[in-house]
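Chemist: In my numbering, the protein residues as written are 1 to 187.
Cβ coordinates follow ideal geometry from the N, Cα and C atoms, glycine included.
Okay, here's the structure, questions in a sec.
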Amino acid sequence: AMFPHVSVKNAKVICNFGLRAPTFPPPSDYTFIGDLKQADLIDGPKPIKNRSECDVLMMVGPFGSGKTKWATNQACSYPSKYYHVVGTSSLMNNMTSNGKSLISAVENQKFYKMAEKAMHHLILDFDQCRNIIIDDCNTDGDIRTELLLALVSKGYKPRVIVVINSEETQKAIISKMVESTGKPFTN
Numbered sequence: 001a002m003f004p005h006v007s008v009k010n011a012k013v014i015c016n017f018g019l020r021a022p023t024f025p026p027p028s029d030y031t032f033i034g035d036l037k038q039a040d041l042i043d044g045p046k047p048i049k050n051r052s053e054c055d056v057l058m059m060v061g062p063f064g065s066g067k068t069k070w071a072t073n074q075a076c077s078y079p080s081k082y083y084h085v086v087g088t089s090s091l092m093n094n095m096t097s098n099g100k101s102l103i104s105a106v107e108n109q110k111f112y113k114m115a116e117k118a119m120h121h122l123i124l125d126f127d128q129c130r131n132i133i134i135d136d137c138n139t140d141g142d143i144r145t146e147l148l149l150a151l152v153s154k155g156y157k158p159r160v161i162v163v164i165n166s167e168e169t170q171k172a173i174i175s176k177m178v179e180s181t182g183k184p185f186t187n
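Here is the structure:
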């Protein structure tokens with residue numbers, strides 16, 4: 001199935017779905033979307049009608065335990081659920097310009113707290129019902145409780161997914177992360 005989408009900034013776009021003559025001749029085997037028969041069309045995903053029907057999963061576990069990996073695998077394993085994996089780390093990683101981080105290591109902690117608050121507002125202010133996996137690494141227990149209570153008050157039924165490794169596995173993961181990043185681990 002193809003669901004056309006155009007996203008541009010400061011530009012005008014005109015799409016021809018077959019309602020007017022093409023400016024340039026299309027390939028011989030090409031069919032405009034507007035010329036397709038109803039039987040050839042596929043409906044898009046049906047929206048979730050009620051927030052209580054949404055999957056809201058909150059990841060909890062120690063640093064490097066595999067929370068993000070589990071969340072990504074869950075989203076990939078159930079593509080029909082259209083999970084939105086949201087988290088402060090992914091928000092921070094996307095704050096770049098020309099592929100370079102906008103935030104220096106010194107400012108990182110300050111921006112992390114701001115991004116964490118922004119992420120919680122974003123989650124609570126979703127207008128549409130969505131399936132969400134909150135991959136917000138090691139949020140303070142009080143903040144986590146506050147977010148869960150706010151989600152419940154909005155009609156969601158959140159679930160907490162706890163990921164814990166054995167002590168040996170956790171040590172191996174941390175040493176591998178320290179080796180790859182060159183940064184010492186602080187908990």
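Is the beta carbon of M59 closer than 8 angstroms to that of L148?
Modeler: In the sequence shown, the residue the question calls residue 148 occupies position 148. In the sequence shown, the residue the question calls residue 59 occupies position 59. For L148 and M59, no; Cβs fall outside 8 angstroms.
Chemist: If I follow the unbroken beta strand (DSSP E) through L36, where does it start and stop?
Modeler: Here the question's residue 36 lines up with position 36 in the sequence shown. L36 -> no beta strand (DSSP E), and no H or E assigned at all.
Chemist: Tell me which residues share the same chain as K157 and place their Cβ nearer than 6 angstroms to its Cβ, disregarding the 5 neighbours each side in the sequence.
Modeler: Taking the first residue of the sequence shown as position 1, residue 157 is located at position 157. Closer than 6 angstroms at Cβ, skipping near neighbours: S52.
Chemist: Could you tell me if S7 is buried or exposed, where buried requires 16 or more neighbouring beta carbons within 10 angstroms of its beta carbon?
Modeler: By 1-based counting over the sequence shown, the position of residue 7 is 7. Classification of S7: exposed, given that the 10 Å Cβ count is below 16.
Chemist: Keeping to the same chain, check which residues put their C-beta closer than 7 angstroms to that of P22; ignore five residues upstream and five downstream.
Modeler: Taking the sequence shown and counting its residues from 1, one reaches residue 22 at position 22. Here the set comprises N16.
Chemist: Just to confirm my understanding: we take G66, look at its own chain, exclude 5 residues before and 5 after, and list those with CB closer than 6 angstroms. What are they?
Modeler: For this step, residue 66 is matched to residue 66 along the sequence shown. Counting only Cβ-Cβ distances below 6 angstroms, and skipping sequence neighbours, we find V163.
Chemist: If you draw a straight line from the alpha carbon of T145 to that of D43, how long is it in whole angstroms?
Modeler: For this step, residue 145 is matched to residue 145 along the sequence shown. For this step, residue 43 is matched to residue 43 along the sequence shown. Spanning the alpha carbons of T145 and D43 requires a straight line of approximately 38 angstroms.
Chemist: Reducing DSSP to helix, strand and coil, say where M95 ends up.
Modeler: Against the sequence shown, residue 95 aligns to sequence position 95. Reduced to three states, the DSSP call for M95 is coil.
Chemist: How long is the line joining the alpha carbons of I134 and S166, rounded to whole angstroms?
Modeler: As a first step, residue 134 is located in the sequence shown; it is residue number 134 there, counting from the start. As a first step, residue 166 is located in the sequence shown; it is residue number 166 there, counting from the start. Rounded to the nearest angstrom, the two C-alpha atoms are 23 angstroms apart.
Chemist: If distances are taken between C-alpha atoms only, which option among K100, Y82, A115 comes closest to S90?
Modeler: The count along the sequence shown starts at 1 and reaches residue 90 at position 90. Of the listed residues, the one whose Cα sits closest to S90 is A115.
Chemist: For the alpha helix (DSSP H) containing I14, list its first residue and its last residue.
Modeler: Position 14 of the sequence shown, counted from the start, is the residue given in the question as residue 14. Boundaries for I14: no alpha helix (DSSP H) harbours it, and the DSSP string shows neither H nor E there.
Chemist: Terminal residues of the continuous beta strand (DSSP E) containing V60?
Modeler: Taking the sequence shown and counting its residues from 1, the one referred to as residue 60 is at position 60. It spans 56-60 - the beta strand (DSSP E) in which V60 sits, taken as one unbroken run.
Chemist: Please report the distance separating the alpha-carbon of L36 from that of P45.
Modeler: Within the sequence shown, numbered from 1, the residue matching residue 36 stands at position 36. Within the sequence shown, numbered from 1, the residue matching residue 45 stands at position 45. Going from the Cα of L36 to the Cα of P45 covers about 19 angstroms.
Chemist: Spatial neighbours of C54 within its chain, please: CB distance less than 8 angstroms, with the 5 preceding and 5 following residues excluded, ordered by chain position.
Modeler: What you label residue 54 is simply residue 54 of the sequence shown in a count that begins at 1. So the list reads I48, C129, R130, N131, I132, Y156, K157, once near-sequence residues are dropped.
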